[in-house]
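Chemist: The structure is given below, and queries will be raised subsequently.
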RNA sequence: GCGGAGGUGGUGAAAUGGCAGACACGCAGGUCUCAGAAGCCUGUGCCGCAAGGUGUGAGGGUUCAACUCCCUCCCUCCGCACCA
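In this note's numbering, the protein residues as written are 14 to 811.
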């Protein structure tokens with residue numbers, strides 16, 4: 014009774030492979046580039062992959078039926094630490110381990126029936142690919158966008174490597190959650206900050222990105238406009254620059270606070286009686302981890318330095334403090350404290366008995382004396398106690414004061430950005446070698462383009478214990494300087510793997526080219542990607558880096574667009590019992606086991622039907638059975654075809670074609686499937702003919718491709734169903750001959766009547782008022798109003 | 001604190017101003033069967049025998065009509081955050 018999914022799925026997977034059904038080539042046709050985030054080859058696909066790739070695949074198959082030339086590539090983000098860890102554990106080499114995983118994963122992806130052009134597969138760990146990582150790095154070096162600098166960097170003591178700011182989540186390593194430490198190291202950086210304005214401004218072009226991703230990127234780039242104000246130190250030539258976004262409150266600045274690490278601190282405390290206590294405080298703060306220090310519920314601690322500064326707007330002498338709540342990394346590492354209009358300053362001032370002065374009048378409060386305040390007022394108001402600016406609304410004063418400060422050299426209008434340059438050096442083996450050479454005579458010398466790729470040596474004594482493993486490979490390290498030919502050393506760090514994934518979508522356009530990273534013409538045809546699908550976890554990292562690389566390639570003259578991904582869909586996670594599936598929780602549902610029990614097609618139906626793509630999806634063992642049941646129900650239709658379907662069924666078919674097409678376009682696969690189910694239910698009530706059934710099979714083929722290929726063949730077709738056209742609906746056939754009029758009395762549903770669709774409003778009104786069932790509601794009561802929505806509804810107001 | 005997404009039956013969810021709960025899961029009943037499974041059919045928000053009432057986080061408003069629009073508030077999830 015059940016259809017033989019095992020045999021059918023194998024048969025068609027083989028067919029697609031042998032016939033290269035999904036091979037894509039540049040043509041005169043309209044194109045569609047559908048991209049899904051490529052996986053890290055762990056060896057097994059999980060339900061998250063299944064969901065991500067099913068959404069993409071159904072969309073691709075739909076677009077093909079619509080007549081688009083579809084590019085649907087797949088590859089592997091193959092460099093990275095798990096390969097090293099696995100190699101240590103299993104006593105193999107990362108290369109062998111990774112390739113074995115890739116093979117296993119490819120087999121699993123095939124079993125899902127995804128319509129990839131496997132001829133375009135890329136693996137970032139192949140030198141054909143990473144050669145171009147090195148090429149890009151050298152280009153960036155030439156343009157001054159790749160540079161080496163010694164600085165305080167994030168260090169994961171468990172992974173034994175540095176991390177980018179974007180890779181530090183809640184003070185921990187993004188991969189292993191170990192607390193991140195700070196280390197002073199010489200490292201390579203990419204100057205992503207060069208593009209900060211564009212990266213922010215161009216977000217506005219991305220109308221088809223989820224608003225939360227846009228918000229997260231905006232937040233990460235963190236532009237804030239303000240003024241840098243120069244406070245002169247008393248009895249010194251030095252000034253303390255302070256950054257503020259609230260220059261309107263400057264007249265209320267009653268003290269200054271420096272970060273404990275501020276370079277001026279040591280100087281200003283020298284020889285003062287406070288010196289000892291300040292040093293002790295600094296010592297204490299330095300021992301606190303970043304996480305503790307940045308958690309907002311910890312009490313704000315600080316000490317007086319003994320030094321004073323002058324508020325430049327009113328020449329007031331104000332004390333200089335240091336406190337743990339001021340961070341060296343943000344702004345200038347120093348703040349002007351306005352306790353009346355900043356809650357943190359308020360708490361600190363209260364704690365230490367520091368002076369306050371209200372300078373913005375709260376329109377909803379009578380309080381003008383700071384002693385009566387219970388908290389800072391951070392809202393809008395009119396300036397008071399602010400010299401020549403009194404009486405101005407504070408927003409206006411903000412501008413006026415800033416302009417006045419520029420003129421009188423008290424301060425400078427400045428924009429502060431949160432975005433930092435991207436640290437790309439990693440002290441790991443399994444990554445792209447950074448193509449740089451250190452020569453005692455010539456300094457840093459880039460590897461000549463002709464010498465690329467710098468091959469990753471197959472053997473390195475990595476143990477996971479730290480330090481760059483490549484440093485121990487003498488044949489790798491020792492080279493001749495390309496400039497002066499004297500003995501030199503290679504860079505032994507490798508690139509962060511996010512470098513690899515920042516441009517793979519361009520490589521897909523011409524994956525085998527060995528003269529250039531990608532072919533300009535191919536990229537011009539295919540790019541930008543029309544649709545990108547992947548997890549929200551990349552909202553900042555990968556998506557920001559990819560945007561940066563795209564802009565870089567544009568400036569190199571390789572492409573002529575600004576943004577790589579036109580439309581973005583972030584799919585929700587797959588949960589089991591309300592929790593994310595994970596090994597540690599032991600709640601993993603293995604796609605393979607589902608495929609062997611119900612088939613890939615049923616799995617595809619279920620994962621799309623259970624929830625809309627963006628929301629979380631609760632895995633349900635009974636749900637997958639329902640999906641399987643549905644397919645079997647469709648299967649049985651073939652035994653009961655009749656010569657001619659009823660007009661009602663035909664009408665429903667046209668409606669369904671319209672509805673399902675529209676739903677597909679918007680990724681509403683759950684309601685598209687519901688529409689198909691309704692259609693199938695109707696076919697069970699009134700048998701289908703061959704045309705009706707064929708159209709059902711075509712529509713369903715995007716979702717359950719093997720199943721529908723088989724039915725298509727059973728229906729007598731020679732060609733693959735992937736080559737047919739999406740059925741057209743007839744607008745005229747959508748019109749019903751009868752309309753159901755919902756009748757309300759005072760907005761409440763009281764009755765329904767069937768009327769011929771072509772009746773005039775007056776005729777319908779007559780029929781409505783004659784309705785027997787209305788008697789008990791309207792009899793003897795005057796009708797005050799009669800609302801009529803043609804073809805739909807009548808509302809009688811009494 | 002700021003930003004984003006949400007809150008609808010026993011469950012997953014539909015409906016973007018016009019019949020709340022489509023479609024499915026579950027449950028109940030029927031049919032078929034020696035029996036069971038599968039299949040097929042019917043019913044299923046809550047209260048009520050029924051007539052009817054009531055119902056989309058809470059409260060208010062706009063409207064002939066509100067899950068949908070406006071205001072006030074509560075709650076959940078996600079991201080960022082002593083960001084000056």
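Beta carbons are placed, not taken as given, at the ideal position from N, Cα and C, and that holds for glycine.
Just to confirm before moving on: does the CB-CB distance between residue 434 and residue 236 stay below 7 Å?
Modeler: For the purposes of this step, residue 434 is taken as the residue at position 421 of the first chain. For the purposes of this step, residue 236 is taken as the residue at position 223 of the first chain. No, these two residues do not count as a Cβ contact at 7 Å.
Chemist: Please classify residue 256: does DSSP put it in a helix, a strand, or coil?
Modeler: Numbered from 1 along the first chain, position 243 holds the residue referred to as residue 256. It is a strand residue.
Chemist: Here's the rule: buried if 16 or more other CB atoms are within 10 angstroms of the residue's CB, otherwise exposed. What is residue 366?
Modeler: Stepping through the first chain from its first residue, residue 366 is reached at position 353. By the 10 Å Cβ count, residue 366 comes out exposed.
Chemist: Do you know how far the Cα of residue 123 is from the Cα of residue 520?
Modeler: Position 507 of the first chain, counting from 1, holds the residue named residue 520. Position 110 of the first chain, counting from 1, holds the residue named residue 123. Their Cα atoms are separated by approximately 22 Å.
Chemist: State the DSSP-derived secondary structure class of residue 801, mapped to helix, strand or coil.
Modeler: For this step, residue 801 is matched to residue 788 along the first chain. Correct three-state label for residue 801: strand.
Chemist: Specify whether the region 24–34 and the region 65–78 touch according to this definition: at least 3 beta carbon pairs, one from each stretch, less than 8 Å apart.
Modeler: The region 65–78 and the region 24–34 do not touch, with fewer than three beta-carbon pairs separated by less than 8 Å.
Chemist: Do residue 318 and residue 281 come within 7 Å of each other at the CB atom, strictly closer than that value?
Modeler: For this step, residue 281 is matched to residue 268 along the first chain. For this step, residue 318 is matched to residue 305 along the first chain. The Cβ-Cβ distance between residue 281 and residue 318 falls below 7 Å.
Chemist: Following the continuous beta strand (DSSP E) through residue 224, name the residue where it begins and the one where it ends.
Modeler: Working through the first chain from its first residue, we reach residue 224 at position 211. Careful: residue 224 lies outside any beta strand (DSSP E), inside the alpha helix (DSSP H) at 224–234.
Chemist: Where does residue 493 fall in DSSP's three states?
Modeler: Here residue 493 is taken as the residue at index 480 of the first chain, counted from 1. Correct three-state label for residue 493: strand.
Chemist: Determine the DSSP secondary structure at residue 239, reduced to helix, strand or coil.
Modeler: The residue labelled residue 239 in the question sits at position 226 within the first chain. Note: residue 239 maps to strand in three-state DSSP.
Chemist: My output table needs one value for residue 33: the three-state DSSP class, helix, strand or coil.
Modeler: As a first step, residue 33 is located in the first chain; it is residue number 20 there, counting from the start. In the structure shown, residue 33 sits in coil (DSSP, three-state: anything other than H, G, I, E or B).
Chemist: Please go through the same chain and pick out, in chain order, the residues whose beta-carbon is closer than 6 Å to the beta-carbon of residue 309, but skip the five residues on each side of it.
Modeler: In the first chain, the residue the question calls residue 309 occupies position 296. The predicted model places residue 309 with a pLDDT of 47, which falls under 50 and marks its position as unreliable, so this point remains unresolved.
Chemist: Is residue 748 helix, strand or coil when you go by DSSP?
Modeler: Along the first chain, one-based indexing puts residue 748 at 735. It is coil, neither helix nor strand.
Chemist: Just the Cα atoms here: how many angstroms apart are residue 184 and residue 554?
Modeler: Translated into the one-based positions of the first chain, residue 184 becomes position 171. Translated into the one-based positions of the first chain, residue 554 becomes position 541. Their backbone Cα atoms lie some 16 Å apart in a straight line.
Chemist: Contact between the region 238–256 and the region 575–582 is defined here as three or more beta-carbon pairs at a separation below 8 Å; is this criterion met?
Modeler: no
Chemist: Can you tell me where the beta strand (DSSP E) with residue 545 in it begins and where it stops?
Modeler: Locating residue 545 in the first chain gives position 532, counting from the first residue. That run of the beta strand (DSSP E) goes 544–548.
Chemist: Could you tell me which of 626, 393, 644 and 430 sits nearest to residue 678, measuring between CA atoms?
Modeler: Here residue 678 is taken as the residue at index 665 of the first chain, counted from 1. Measuring C-alpha to C-alpha distances from residue 678 to each of 626, 393, 644 and 430 identifies 626 as the nearest.
Chemist: Rounded to a whole number of angstroms, what is the C-alpha to C-alpha distance between residue 766 and residue 49?
Modeler: Numbered from its first residue, the first chain carries residue 766 at position 753. Numbered from its first residue, the first chain carries residue 49 at position 36. Cα to Cα, residue 766 sits roughly 50 Å from residue 49.
Chemist: For residue 43, name the three-state secondary structure that DSSP assigns.
Modeler: What you label residue 43 is simply residue 30 of the first chain in a count that begins at 1. Here residue 43 sits in coil by DSSP.
Chemist: Using only the alpha-carbon positions, how far apart do residue 672 and residue 24 sit?
Modeler: Your numbering for residue 672 matches position 659 in the first chain. Your numbering for residue 24 matches position 11 in the first chain. So the two alpha carbons sit approximately 31 Å from each other.
Chemist: If we ignore side chains and look at the alpha-carbon of each, how far apart do residue 383 and residue 352 end up?
Modeler: Counting from one through the first chain, the residue named residue 383 turns up at place 370. Counting from one through the first chain, the residue named residue 352 turns up at place 339. Between residue 383 and residue 352, the C-alpha separation is close to 9 Å.
Chemist: In or out: residue 21 buried (at least 16 other Cβ within 10 Å) or exposed?
Modeler: As a position in the first chain, residue 21 is number 8, starting the count at 1. With 16 or more other Cβ atoms within 10 Å, it is buried.
Chemist: What is the C-beta distance between residue 719 and residue 614, in whole angstroms, given that I count them as a contact (C-beta under 8 Å)?
Modeler: One-based indexing of the first chain puts residue 719 at position 706. One-based indexing of the first chain puts residue 614 at position 601. With a Cβ gap of about 6 Å, residue 719 and residue 614 count as contacting.
Chemist: Can you name the residues that DSSP bridges to residue 164?
Modeler: Your numbering for residue 164 matches position 151 in the first chain. Per DSSP, 198.
Chemist: Is it the case that the region 497–514 contacts the region 440–454, given that we only count it when at least three CB pairs across the two stretches are under 8 Å?
Modeler: yes
Chemist: So for residue 138, helix, strand or coil by DSSP?
Modeler: Within the first chain, residue 138 is the residue found at index 125, counting from 1. Three-state DSSP puts residue 138 in coil, outside helix and strand.
Chemist: Suppose the cutoff is 6 Å on Cβ atoms and the five residues either side in sequence are ignored; what does the same chain contact list for residue 795 look like?
Modeler: Mapped onto the first chain, residue 795 falls at position 782. Nothing listed; no residue qualifies.
Chemist: Rounded to whole angstroms, how far is the Cβ of residue 757 from the Cβ of residue 806, which I believe are closer than 8 Å?
Modeler: Numbered from 1 along the first chain, position 744 holds the residue referred to as residue 757. Numbered from 1 along the first chain, position 793 holds the residue referred to as residue 806. Indeed they touch by this definition, with Cβ atoms about 7 Å apart.
Chemist: Taking 8 Å as the limit between beta carbons, can you name the residues of its chain near residue 424, skipping five residues before and five after?
Modeler: Against the first chain, residue 424 aligns to sequence position 411. Within the same chain, residue 424 has close Cβ partners 240, 241, 242, 243, 260, 325, 415 and 418.
Chemist: Let me make sure I understand the geometry here. Which of 688, 45, 73 and 514 has the alpha-carbon closest to that of residue 622?
Modeler: Position 609 of the first chain, counted from the first residue, corresponds to residue 622. Comparing Cα positions, the closest option is 688.
Chemist: Look at the Cβ atom of residue 650, then the Cβ atom of residue 696, and state whether they are nearer than 7 Å.
Modeler: Residue numbering aside, residue 650 sits at position 637 when the first chain is read from its first letter. Residue numbering aside, residue 696 sits at position 683 when the first chain is read from its first letter. Going by C-beta atoms, residue 650 is nearer than 7 Å to residue 696.
Chemist: Taking residue 221 as the reference, which of 466, 804 and 542 has the closest Cα?
Modeler: One-based indexing of the first chain puts residue 221 at position 208. Residue 221 has its Cα closest to that of 542, out of 466, 804 and 542.
Chemist: Ignore the nearest five residues each way along the sequence and tell me which others in residue 489's own chain have a CB closer than 7 Å to its CB.
Modeler: The count along the first chain starts at 1 and reaches residue 489 at position 476. If we look at residue 489 and ignore the five residues flanking it on each side, its Cβ neighbours are 470, 483 and 503.
Chemist: Would you mind reading off the limits of the alpha helix (DSSP H) that contains residue 667?
Modeler: Translated into positions along the first chain, residue 667 becomes position 654. That run of the alpha helix (DSSP H) goes 660–678.
Chemist: In three-state DSSP terms, what is residue 181?
Modeler: On the first chain, residue 181 is found 168 positions in, with the first residue counted as 1. Strand.
Chemist: So residue 56 packs on residue 118, CB below 8 Å; how close in whole Å?
Modeler: For the purposes of this step, residue 56 is taken as the residue at position 43 of the first chain. For the purposes of this step, residue 118 is taken as the residue at position 105 of the first chain. With 8 Å as the limit, residue 56 and residue 118 qualify as a contact, their Cβ atoms being about 6 Å apart.
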